[in-house]
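In this note's numbering, the protein residues as written are 1076 to 1362. Virtual Cβ for every residue (Gly too), placed ideally from N, Cα, C. In this text, all values refer to a predicted model and were calculated from it rather than measured experimentally.
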Amino acid sequence: MNSSCKIDQVAYLGPEGTFSHEAAVIWGSAIGVASFFPVENLLEVVQAVLEGRCQAAILPLENSIEGSVNLTQDLLLEEPALQIVGEVVLEVRHCLASKETDPQNITEVWSHPHALAQCRRFLASRLPKARLCPATSTAGAFVLATSRKGSAAIGSSFAARLYGLPVLYQGIEDYPGNKTRFVIVSRERVPGRGPYKTSLVLALPENRPGGLYNILRDFAEAGINLTRIESRPTKKELGEYLFFLDCEGHAEREPLAGVLAALRPRTSFLRVLGSYPCYREGGKEDD
Ligand SMILES: O=C(O)C(=O)C[C@]1(C(=O)O)C=C[C@@H](O)C=C1
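Okay, structure coming up:
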């Protein structure tokens, strides 16, 4: 769909107090979104937009410690009706919260698998005996930890306060400056101003020396900066990959438009996932 739309509602991975929620509010506040609503998992987040229950949804795409969120990449590929219309980069600070006042009494730690992975070293050194339990989200983990004896949860200190769990340790991510990048998807275009970024996915027609190099060279020669490259299995044959690329520029404007036109006949698959304003802290866009 190519029409522009006004965004009234944004779906996010709930419950209230997830990092996705925080990122949705940052993006939505900048464009005057009226409301945000939580859903249970990322498949549901996408379904909410596809079924028209909201006009946009937010998905975590990559983290500076743990790397890509594979499910998000797969969903972006599998749902051609959706396009990326925005991005938010959020600083992710984790705390460990529990009703247990003595860390010795903690036997299980709940959180989103990505959050547990971002705190791996902390957990191994401070709570080596605790069982690590995957939850659907960080805030979902706090809900669980409120009702289970001997349990703790990892997530934001905002969520810990929201669910009434005392914080035992703060800033427990294994590396400083931990950040997660989220993308906002919609069935329709959302007006915005540049500078732009474009996300695309492509496949090479054959596995031969220099195949990927020949594609990347076009970007280099046009002076287009690539900001991310990631491969995912095609799920058809072991060793066959799709390449997810993010680059600076808009797919409908030069020089990127020309590069994409030249690449199409040299790829077996090429889809633009969206061109959208680069994230600026404070939600501002350049003129
Ligand atoms: O559980 C949450 O709070 C989420 O928003 C999900 C999620 C993720 O999927 O990476 C988002 C940010 C953090 O990296 C940890 C978890």
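- [ ] May I ask you to list the residues that DSSP assigns as paired with T1273?
- [x] BP columns for T1273 point to C1322 and S1350.
Open item on the list: Once DSSP output is grouped into helix, strand and coil, what is the label at M1076?
Closed with: Legend: pLDDT at M1076 = 41, less than 50; position of this residue unreliable, value from coordinates given subsequently. Here M1076 carries a coil assignment [DSSP, helix/strand/coil].
- [ ] Note down, in chain order, each residue of its chain lying with its Cβ closer than 6 Å to the Cβ of I1247, except the 5 sequence neighbours on either side.
- [x] Answer for I1247: H1169, L1171, C1194 and F1197, listed in chain order.
Open item on the list: Under 7 Å: does the beta carbon of N1116 sit that close to some heavy atom of ligand 1?
Closed with: Relative to ligand 1, even the nearest heavy atom lies 7 Å or more away from the CB of N1116.
Open item on the list: Can you look up I1247 in the DSSP assignment and give me helix, strand or coil?
Closed with: The answer is coil: DSSP assigns I1247 none of H, G, I, E or B.
Task: Meets three-Cβ-pair contact criterion under 8 Å: the region 1248-1267 and the region 1204-1221 - done: No contact exists between the region 1248-1267 and the region 1204-1221.
Task: A1192 - DSSP class collapsed to helix/strand/coil - done: Judged by DSSP in its simplified three-state form, A1192 adopts helix.
Open item on the list: Can you give me the C-alpha to C-alpha distance between G1314 and P1284, rounded to a whole angstrom?
Closed with: Distance between the alpha carbons of G1314 and P1284: 14 Å.
- [ ] Classify T1040 as buried or exposed, calling it buried when 16 or more other Cβ atoms lie within 10 Å of its own Cβ.
- [x] This structure cannot settle anything about residue 1040, because the visible part of the chain is limited to 1076 through 1362.
Task: Sequence-distant residues of the same chain with beta carbon closer than 7 Å to Y1354, five excluded per side - done: Closer than 7 Å at the Cβ level, and outside the excluded window around Y1354, lie E1162, V1163 and V1164.
Open item on the list: Taking the beta strand (DSSP E) that Y1087 belongs to, which residues open and close that run?
Closed with: Segment Q1084 to L1088, the beta strand (DSSP E) holding Y1087.
Task: Three-pair Cβ contact test at 8 Å for the region 1142-1157 versus the region 1302-1312 - done: Remark: three or more beta-carbon pairs, one from each stretch, lie closer than 8 Å, so the region 1142-1157 and the region 1302-1312 are flagged as touching.
TODO: Would you mind working out which of Y1316, E1296, R1292 and W1185 sits nearest S1222, comparing C-alpha positions?
DONE: Checking every option, the nearest Cα to that of S1222 belongs to W1185.
Task: Close Cβ partners of Q1245 (< 7 Å) along its chain, the five nearest in sequence each way excluded - done: Hits under 7 Å: C1170 and S1232.
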